[in-house]
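Enquirer:
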Amino acid sequence: MWDYTKEVKDHFLNPRNVGEIEKPDGIGEVGSMACGDALRLTFKLDKEGRIGEVKFKTFGCASAIASSSALTEIVKGMTLEEAEKVTNKDIAEYLGGLPEAKMHCSVMGREALQAAIRNYRGVGSDKKKIIDGKIVCQCFGVTEHEIKKAIKDNHLATVEEVTNYTKAGGGCGNCHDDIRTLIKEVFLEAQQEEANFEKPTQYDILTNIQKIDRVSHLLNDMIRPTLQRDGGDLELIDLDNNVVFIKLKGACSGCIGAASTMKDFIEHKLKDDVSPKLRVKEVN
Amino acid sequence: MKTVYLDNNATTAVAPEVLDAMLPFLKDLYGNPSSMHNFGGQVGKFIDKAREQCAALIGAKRASDIIFTSCGTESDNTAIMSALSADPSKKHIVTTAVEHPAVRALCQKLVKQGYEVTEVGVDGSGILNVEYLKNAIRKDTTLVSVMWANNETGVLFPVEEIAKICEEKNVPFHTDAVQAAGKVAINVSNTPIDYLAVSGHKLHAPKGVGFLYLKRGAKYSPFIVGGHQERGKRGGTENVASIVALGAAAELAIKNIGRENKEVRLLRDKLENEIISSVPDSFVHGDRDHRLPNTSNIGFKNVEGEAILLLLNEYGICASSGSACTSGSLEPSHVLRAMKIPFDRAHGSIRFSLSGYSTEKEIEHTIEKMPKIIEKLRSISPFKSRG
Chain A
33 MWDYTKEVKD HFLNPRNVGE IEKPDGIGEV GSMACGDALR LTFKLDKEGR
83 IGEVKFKTFG CASAIASSSA LTEIVKGMTL EEAEKVTNKD IAEYLGGLPE
133 AKMHCSVMGR EALQAAIRNY RGVGSDKKKI IDGKIVCQCF GVTEHEIKKA
183 IKDNHLATVE EVTNYTKAGG GCGNCHDDIR TLIKEVFLEA QQEEANFEKP
233 TQYDILTNIQ KIDRVSHLLN DMIRPTLQRD GGDLELIDLD NNVVFIKLKG
283 ACSGCIGAAS TMKDFIEHKL KDDVSPKLRV KEVN
Chain B
2 MKTVYLDNNA TTAVAPEVLD AMLPFLKDLY GNPSSMHNFG GQVGKFIDKA
52 REQCAALIGA KRASDIIFTS CGTESDNTAI MSALSADPSK KHIVTTAVEH
102 PAVRALCQKL VKQGYEVTEV GVDGSGILNV EYLKNAIRKD TTLVSVMWAN
152 NETGVLFPVE EIAKICEEKN VPFHTDAVQA AGKVAINVSN TPIDYLAVSG
202 HKLHAPKGVG FLYLKRGAKY SPFIVGGHQE RGKRGGTENV ASIVALGAAA
252 ELAIKNIGRE NKEVRLLRDK LENEIISSVP DSFVHGDRDH RLPNTSNIGF
302 KNVEGEAILL LLNEYGICAS SGSACTSGSL EPSHVLRAMK IPFDRAHGSI
352 RFSLSGYSTE KEIEHTIEKM PKIIEKLRSI SPFKSRG
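Here the protein sequences come in this chain order: A and B. According to this note's numbering, the first sequence is numbered sequentially starting from 33. According to this note's numbering, the second sequence is numbered sequentially starting from 2.
(1) Spatial neighbours of B/THR119 within its chain, please: CB distance less than 6 Å, with the 5 preceding and 5 following residues excluded, ordered by chain position.
(2) Run through DSSP, which three-state label would B/CYS319 get?
(3) Closer than 7 Å, CB to CB, is B/ALA98 near chain A or not?
(4) Taking a Cβ distance cut-off of 7 Å, strictly less, list which residues of the segment 80 to 92 of chain A are near chain B, in chain order.
(5) On the CB-based measure, 16 or more other CB atoms within 10 Å of its CB, does A/MET140 come out buried or exposed?
(6) With H, G and I counted as helix, E and B as strand and the rest as coil, what does DSSP make of A/ARG72?
(7) Please identify, using Cβ separations under 9 Å, the residues of the segment 104 to 124 of chain A that lie next to chain B, in order along the chain.
(8) Determine the closest residue to B/GLY236 out of B/THR70, B/ALA56 and B/THR13, with distance taken between C-alpha atoms.
(9) Report, in whole angstroms, the separation of the C-beta atoms of B/MET340 and B/GLY42, which I expect to be a contact under 8 Å.
(10) According to DSSP, what are the bridge partners of B/TYR196?
(11) At least one CB of chain B closer than 7 Å to the CB of A/GLY128: is that the case?
(12) Does the Cβ of B/SER190 have 16 or more other Cβ atoms within 10 Å, making it buried, or fewer, making it exposed?
(13) Pick out whichever of B/GLY127, B/ILE59 and B/PRO34 has its Cα sitting closest to the Cα of B/ASP288.
(14) On the three-state DSSP scale, how would you describe A/GLY282?
(15) Assuming contact is defined by CB atoms lying nearer than 7 Å, are A/LEU268 and A/LYS281 in contact in what I supplied?
(16) Using 10 angstroms around the beta-carbon of B/GLU252, count the other beta-carbons present and answer buried if the total reaches 16, otherwise exposed.
(17) Of all Cβ atoms in chain B, is any one closer than 7 Å to the Cβ of A/VAL50?
(18) Across the segment 372 to 383 of chain B and the segment 287 to 306 of chain B, are there enough close Cβ pairs to call them in contact, namely three or more that are closer than 8 Å?
(19) Can you tell me whether DSSP reads A/GLU267 as helix, strand or coil?
(20) Do you know whose CA, among B/SER356, B/CYS167 and B/GLY115, lies nearest B/ARG139's CA?
(21) Distance, Cα to Cα, A/ASP262 vs A/ARG256?
(22) For the segment 248 to 262 of chain B and the segment 30 to 38 of chain B, state whether three or more C-beta atom pairs, one from each stretch, are separated by less than 8 Å.
(23) Kindly indicate if chain B contains any beta-carbon less than 7 Å away from that of A/MET140.
(24) So, is A/VAL315 buried or exposed, given that buried needs 16 or more other C-beta atoms within 10 angstroms?
(25) At the 7 Å Cβ level, is A/ARG72 part of the contact set with chain B, yes or no?
(26) Residues of chain B with CB closer than 9 Å to the CB of A/PRO56, please, in chain order.
(27) How many Å lie between A/LYS89 and A/LEU71 at the Cα?
(28) So B/SER356 and B/ASN9 are supposed to be a Cβ contact under 8 Å. How far apart are they, rounded?
(29) So the candidates are A/LEU214, A/ALA115, A/ASP272 and A/GLU221; which of them puts its Cα closest to the Cα of A/THR239?
(30) Hey, does B/GLU307 have any beta-carbon neighbour from chain A nearer than 7 Å?
(31) Ignoring anything shorter than 4 residues, give me the alpha helix (DSSP H) runs that lie fully in the segment 97 to 184 of chain A, in order along the chain.
(32) In or out: B/GLY211 buried (at least 16 other Cβ within 10 Å) or exposed?
(33) Using a Cβ-Cβ distance under 7 Å, would A/ALA66 count as near chain B?
(34) So which of B/THR142, B/GLU169, B/ASP141 and B/VAL121 has the shortest CA-CA distance to B/MET148?
(35) Am I right that B/VAL131 and B/GLU162 are in contact with their C-beta atoms under 8 Å? What's the rounded C-beta distance?
(36) Tell me where the beta strand (DSSP E) around B/GLY209 begins and ends.
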């Protein structure tokens, strides 16, 4: 059975931006026939250096096609610096989530985008493998860097989860021990970061008013416009220590589905852009 | 939207006659056949009748050679473990590379327990190399297990010939006949088969019931140990209603087997021929002359199976795919891999499996939609096809 959201179904049945741009500024190709999915992404920049036109061609399952379509919608209008920051999670979130076993489809989207940007900057694909480190999974050509990034971004803890997200380990299984080692490495690195995190960050020395100012700026600039497009909104109610209290409004309020994803989404943004210590709490 | 069900190798509809036969045992006749009182005891004779009906389906001379189980997998597992128990010092099994998981997964588990398993391969059209199989049998071979018909391609294996080879070499022979039963003639009375597994829900009985044919004299070791049911061969109170249903379904299958091989075959051929002539770069997987009459496995170049299935689903058409694009098994099915089908069409392979309930209208609906579906996906695919 297909456990797909209505967004995935919509992007699969009515994919946006299908095709190939002639004389593109950047072209990214990932995957292969043998792997079971492949994506070719082409883009052209406009006068302001933003992605003006972007198209895809994908061979793969429904979620691979939907992820590609979503990716093109997400990055359209972005500068390359902005587009570079798009993660596989952003793609999955845009689609209202993907089944665990299909997360690799969103990873493929991110990789095609990165490859296209590298191509624009004149960094060849050979260089990619050098940047990404040695290939861990020989069956699907997945590198150490790709695996570690997926582990870090998605908090993966088992070989099975890594396979779900990157395909690594889904073939002969010879690399399972290597993947386990990488999971351990990322875990240790994260612990190290946590230790550093205990030291006061810049955010901690701000006054309360400065903190509120920074949080409300981020909400107003980054989050509310997106919500307003769909007839929703939110309000910053209070900030107590590191807990941000928000109230969902409009179409967002009362939507059970929205509440949990929204909380994760906002918290994620706040952590990235303001302070990693921040937590979001929804009030009614 | 009406459902067009072309996935009968996955499961089938319960036939109305079968449902009628089983319902009394879910209502008034709920007694336990092991009871001393008449109310329970009277149920036993219906089980006896079902046993005879099932024996007739496979040409078994004695109804007592039939053991009712919960499914095809239990029948397969019971057979294999029974054969192995005959001589624990023998540690070699011969099977094929294209078995159903009911056999294959158990063999893989047995490898971990110290068994050696030889998987005999198939050629590009799914035909088994019998000579290779014959040579694979060794002195320490404790079992040969070969399916009667492959579930994905429908390709038939020369089970009678293999059974004779095994008899000559004095090695027990098991066959998984889950897909074959009811679709092709089976006669165990003139074939030295030791174990044969059948599942109810593939032949219009409900899910949760199957049987194992056990040749008299073949080694047996109960898989489920309990009461004296099935003459001590399978513990657990009988699933009376489903056993009666399986009997009724067996009788119905005997009646319909001629129709299966004429009308169903014609519809299948029509579906297959029209699709491969209207869709460029499409290929039939499996030997077209040695196949179940209801199964068609078609590979579409440069598109992915799950995407095809989801679009078919939009038109109410149910089929299944030979490649699972889930991370756990990113590769095409073990059957298509064993046949060395090129990746570009193995990933896009679809299995249509018909039944006696399939109609001309349904087949025409599918024939009409298929080219559009493939065209749509190819227009998205980065790989080029002709046409």
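Glycine included, each C-beta is placed from N, C-alpha and C at the ideal position.
Expert: Put simply:
(1) VAL95 and ALA137
(2) strand
(3) Not closer than 7 Å to any Cβ of chain A, the Cβ of B/ALA98 fails to qualify, so no.
(4) LYS89, THR90, PHE91 and GLY92
(5) buried
(6) Looking at A/ARG72 - three-state DSSP - the assignment turns out to be strand.
(7) none
(8) B/THR70
(9) Not a contact, Cβ separation roughly 52 Å.
(10) B/HIS175 and B/LEU215
(11) no
(12) exposed
(13) B/GLY127
(14) strand
(15) Cβ distance not < 7 Å, so A/LEU268 and A/LYS281 don't count as in contact.
(16) buried
(17) yes
(18) yes
(19) strand
(20) Shortest Cα-Cα distance from B/ARG139 to any of B/SER356, B/CYS167 and B/GLY115 involves B/CYS167.
(21) One Cα belongs to A/ASP262, the other to A/ARG256, and the distance between them is close to 10 Å.
(22) By the criterion of at least three beta-carbon pairs nearer than 8 Å, the segment 248 to 262 of chain B is not in contact with the segment 30 to 38 of chain B.
(23) no
(24) exposed
(25) With respect to chain B, the C-beta atom of A/ARG72 has a partner C-beta closer than 7 Å.
(26) Ordered by position in chain B, no residue passes the 9 Å Cβ test against A/PRO56, which lies about 13 Å from the chain.
(27) Taking the Cα positions, A/LYS89 is about 6 Å away from A/LEU71.
(28) Between B/SER356 and B/ASN9 a beta carbon distance of about 4 Å is seen, short of the 8 Å cut, so the two are scored as contacting.
(29) The shortest Cα separation from A/THR239 among A/LEU214, A/ALA115, A/ASP272 and A/GLU221 belongs to A/ASP272.
(30) yes
(31) 112 to 116, 120 to 126, 135 to 152 and 157 to 164
(32) buried
(33) The Cβ of A/ALA66 sits closer than 7 Å to at least one Cβ of chain B.
(34) B/VAL121
(35) In this structure, B/VAL131 and B/GLU162 form a Cβ contact; the two beta carbons are roughly 6 Å apart against a cut-off of 8 Å.
(36) Here B/GLY209 belongs to no beta strand (DSSP E), and DSSP marks it neither H nor E.
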